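In our numbering, the protein residues as written are 1 to 220.
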């Protein structure tokens with residue numbers, strides 16, 4: 001059993017979906033703390049156009065699952081205007097725009113809800129068959145620190161392999177996981193614009209080739 005554990009990002013970069021594709025089970029770590037200035041509620045479209053989902057009183061002392069969206073903010077309208085301006089002439093515009101608008105139609109309360117929906121729905125669109133679990137909906141035991149919490153999730157899911165984004169290379173090593181019989185790998189992924197850009201401008205077969213184009217690196 002190979003698993004990954006990641007915070008929920010809204011319409012994340014292609015590499016996030018490469019990580020989903022690399023594992024049997026993907027744990028969405030929504031009960032982790034919100035990181036201000038991170039990529040949980042923002043990303044990038046083509047031509048380096050950034051977008052942000054506005055939040056109410058976001059704080060690094062608040063869990064992602066408790067961080068609410070500010071639906072009164074004009075940034076949401078700006079996001080949809082940017083999408084239309086950049087992609088209206090794209091071959092997949094009607095299909096992907098419908099999928100996108102459907103995510104917003106019921107106005108989820110938190111950024112976690114919106115992000116989880118975006119991850120799962122776009123994974124379905126791309127025909128990824130990885131199983132998803134939401135951490136806050138499970139009874140995972142908490143550890144004394146982040147590493148121990150990750151190990152406890154791996155053990156609860158009977159995972160023998162834990163795959164992390166390449167950015168975790170400076171944080172984790174095999175020596176952290178080996179005593180529990182878990183192998184640690186890092187995935188060298190593409191860190192670029194939102195999956196939305198790919199879905200508007202490429203067909204699924206081409207995106208599928210990109211999603212499969214990754215390298216796993218075993219930790220020292």
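Ideal placement from N, C-alpha and C gives every residue a C-beta, glycine not left out. Since the structure is predicted, the reported quantities are computational estimates derived from the model, not experimental observations.
Beta-carbon proximity of residue i to residue j, cut-off 8 Å
i, j, result
"residue 43", "residue 193", "yes"
"residue 64", "residue 24", "no"
"residue 21", "residue 189", "no"
"residue 28", "residue 134", "yes"
"residue 116", "residue 12", "no"
"residue 82", "residue 201", "no"
"residue 185", "residue 149", "no"
"residue 163", "residue 4", "yes"
"residue 151", "residue 165", "no"
"residue 211", "residue 18", "yes"
"residue 56", "residue 70", "yes"
"residue 172", "residue 156", "no"
"residue 104", "residue 67", "no"
"residue 122", "residue 199", "yes"
"residue 58", "residue 36", "yes"
"residue 30", "residue 170", "no"
Assigned exposure category for residue i - 16 Cβ within 10 Å defines buried
i, result
"residue 15", "buried"
"residue 177", "buried"
"residue 110", "buried"
"residue 26", "buried"
"residue 98", "exposed"
"residue 145", "exposed"
"residue 88", "exposed"
"residue 119", "buried"
"residue 100", "buried"
"residue 160", "exposed"
"residue 226", "Shown here, the chain extends from 1 to 220; a query on residue 226 therefore has no answer."
"residue 226", "With the chain represented from 1 up to 220, any question about residue 226 goes unanswered, as that position is not in the structure."
N- and C-terminal bounds of the beta strand (DSSP E) containing residue i
i, result
"residue 50", "50-52"
"residue 131", "131-134"
"residue 218", "215-218"
"residue 23", "No beta strand (DSSP E) holds residue 23; DSSP gives it neither H nor E."
"residue 183", "183-188"
"residue 205", "No beta strand (DSSP E) holds residue 205; the alpha helix (DSSP H) holding it covers 204-211."
"residue 2", "2-6"
Unbroken alpha helix (DSSP H) run spanning residue i, endpoints
i, result
"residue 155", "146-156"
"residue 87", "75-87"
"residue 162", "Taken as a continuous stretch (DSSP letters only), residue 162 belongs to no alpha helix (DSSP H), being part of the beta strand (DSSP E) at 161-165."
Inter-residue CB distance, residue i and residue j (contact presumed, cutoff 8 Å)
i, j, result
"residue 158", "residue 1", "5 Å"
"residue 196", "residue 45", "7 Å"
ask   = Quick one: any contact between the stretch 69-77 and the stretch 48-56, if contact means 3 or more CB pairs under 8 Å?
value = As far as the Cβ criterion goes, the stretch 69-77 touches the stretch 48-56, which means the pair count is three or higher.
key: At least 3 beta-carbon pairs within less than 8 Å: the stretch 126-140 vs the stretch 204-218   = With the cut-off at 8 Å, the stretch 126-140 and the stretch 204-218 touch.
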